[in-house]
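Asks: Structure in structure tokens, see below.
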Amino acid sequence: MSSYCLRSTLKASLFAALCIGAPVTALAQAFPVKPVRIVTQFAPGSGGDLAVRIAAAFMGDNLGQPVVVENRAGGGGMVAAESVARSAADGYTLLAATPATQVMRVFMANTSFDPVKDFQPITLISQSMAAIIAHPSFPAGNMAELVAYAKKNPGKISYGTSGVGSEHHISAEQISLLAGISMVHVPYKSGFQAMNDVISGQMPISFSITGPVLGPARAGKLKIIAVVSDQRYARLPDIGTVLDGVPRFVPVRGWTGLFAPAGLPQPVLRRLAADTIKGITSADGRAKLFEAGFDVVGNTPEEFTLMLRNQIELVGKILKSTGMKLSEQ
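Given below as structure tokens:
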């Protein structure tokens, strides 16, 4: 091959390579050129919805574009997750999700998406502590009393959760199996709705994140039976844990995380992660999320991915050791 032909071939190859990389580079440099949408499973006005909206406001400030929150409650988070899984991986449609879709669905049949392969973790916004709450008239006041009462009334106690396959659901089923009790699961579109039914007396007990229940508990509208943990919670130092009545219980911590459809270009992923983390870990961001009842995390995509892998492994061990099976009920 002549030196001229060689030079021509090299130039053509270089030009082709630059052209291939150009769309990704241009996308990263331009992003975002329009509003970003976060689809969430939380009902409007719920505690989880508040956490997402706080994070979205800081994201918007840092991205220089509005970040709009779209509530698509229902199906234990499936409605929201399915819509985002089918969206373009361009950074403009994101998912604010919980273990209900990104962990529990790994172990459930009839799931239209792969929780691991179809999503790109961006950052863990916050973690939340769960509690078992009850109407003030409910006979039990702590975990040991709840177990004793349930044993005397098998199949007569209904409990609410934020949906099938949620971390609250798996906690309740684990409690029932380990304690040898039988309770009736009533899944809601959101834990906020379940809490309101407890306050009104339509539901005797429910599992809820602690943030929204603190005010009603102080006002005497409901009582907190236990925190769903293996140690006491600093915000509720006088409240016992599930282990007080179910010693072998293994807690599954709740959280709210940000995801994109799989295939998101790395530069866009880095921009979304950096601007979200910058906002929620700022002094103002931490204060607002703490006031709403959440503990800020703000980890990297790699750290979030590892955390998800570890929690999936934990849930798998719980299911195997207890013989539990997650279903649509």
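Using our numbering, you'd call the opening residue of the sequence shown number 51 and step up by one each time.
Positions of the beta carbon are idealized from the N, C-alpha and C atoms, including for glycine.
(1) Should Ala276 be counted as a contact of the ligand SAH given a C-beta to heavy atom distance under 7 Å?
(2) To test your reading of the DSSP string, which unbroken beta strand (DSSP E) runs of 3 or more residues are found completely within the stretch 235-289?
(3) Report back the beta-carbon spacing between Ala200 and Thr211 to the nearest angstrom; my notes put them in contact at under 8 Å.
(4) Check the C-beta distance from Ser240 over to Ala123 and give it rounded, since I have them as a contact under 8 Å.
(5) Going by beta carbon distance, what residues of the same chain come within less than 8 Å of Ser187, once the five residues before and after it are set aside?
(6) Rounded to a whole number of angstroms, what is the C-alpha to C-alpha distance between Ala229 and Gln361?
(7) Just grab the DSSP bridge partners of Glu120 for me.
(8) Out of curiosity, what's the CA-to-CA distance linking Ile259 and Pro351?
(9) Which residue marks the beginning of the alpha helix (DSSP H) containing Ala105, and which one marks its end?
(10) Check whether the stretch 165-185 touches the stretch 302-310, taking contact to mean three or more Cβ pairs, one atom from each stretch, closer than 8 Å.
(11) Are three or more beta carbon pairs between the stretch 284-300 and the stretch 127-139 nearer than 8 Å?
(12) Which partner residues of Thr173 appear in the DSSP bridge assignment?
(13) Taking C-beta to C-beta, are Ala184 and Leu272 nearer than 8 Å?
(14) Is it true that the CB of Thr90 sits closer than 8 Å to the CB of Ala146?
(15) Looking at the strands, I want to know which residues DSSP matches up with Leu376.
(16) Kindly list the residues whose CB is nearer than 6 Å to the CB of Met294, restricted to its own chain and excluding five residues on each side of it in sequence; keep chain order.
(17) On the CB-based measure, 16 or more other CB atoms within 10 Å of its CB, does Val263 come out buried or exposed?
(18) Taking Ser208 as part of the beta strand (DSSP E), name the residues at either end of that continuous run.
Replies: Straight from the coordinates:
(1) Looking for the ligand SAH in the displayed structure turns up nothing, as the structure carries no ligands at all.
(2) 255-259, 273-277
(3) In fact, because the Cβ distance is near 16 Å, the residues do not count as touching under 8 Å.
(4) 6 Å
(5) Gly251
(6) 23 Å
(7) Val89
(8) 25 Å
(9) 97-113
(10) yes
(11) no
(12) Leu308
(13) yes
(14) yes
(15) Answer by DSSP bridge pairing: none, since Leu376 is not bridged.
(16) Before going on, a small fix: residue 294 reads as Asp here, not Met. Here the set comprises Met193, Ala194.
(17) buried
(18) 208-211
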